[in-house]
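Below: the structure, in structure tokens.
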Amino acid sequence: MALKNALNEIKNAINGINNARNGVKNGMNALNNAVNFLNNAINGLKNVIYGIKNCINGIQNAIFKAIHATFKATYGHENSIYGLKNAINGINGIRNSINSYI
3 MALKNALNEI
13 KNAINGINNA
23 RNGVKNGMNA
33 LNNAVNFLNN
43 AINGLKNVIY
53 GIKNCINGIQ
63 NAIFKAIHAT
73 FKATYGHENS
83 IYGLKNAING
93 INGIRNSINS
103 YI
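Take the sequence shown: its letters are residues 3 to 104, numbered as in our numbering.
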């Protein structure tokens, strides 16, 4: 009877060790899942930051393009004024040359 009890105690101890090992495995799996969750959260935040950065770059590009277009329009306007001036000067030159022959 004492031998049987001792064997049962050994069996119970082995079961306890196996349960403890399984508990450690489950704990490690839980930790791995937590780490994966944190990595996914970090990657999500990185993507949000990249999205904001791209948005800022887009706004910056739009502003630069608008400024560039404004300069082009301004210089184009100036060039047309110089063209008109030259045309007027040309007409005045023709008028003066006609007047000098008369």
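Think of the CB as a built atom: it goes at the ideal place given N, C-alpha and C, for glycine as much as any other residue.
Inset, instruction - Would you kindly report the start and end of the unbroken alpha helix (DSSP H) that includes Met30? - result: Here residue 30 refers to the residue found at position 28 when the sequence shown is read from its first residue. That run of the alpha helix (DSSP H) goes 4-103.
Inset, instruction - Measure the alpha-carbon distance for Phe66 versus Gly60 and round it to whole angstroms. - result: Numbered from its first residue, the sequence shown carries residue 66 at position 64. Numbered from its first residue, the sequence shown carries residue 60 at position 58. Rounded to the nearest angstrom, the two C-alpha atoms are 10 Å apart.
Inset, instruction - Express the C-alpha separation of Ala89 and Glu80 in angstroms, rounding to a whole number. - result: Locating residue 80 in the sequence shown gives position 78, where the first residue counts as 1. Locating residue 89 in the sequence shown gives position 87, where the first residue counts as 1. Going by C-alpha positions, Glu80 is about 14 Å away from Ala89.
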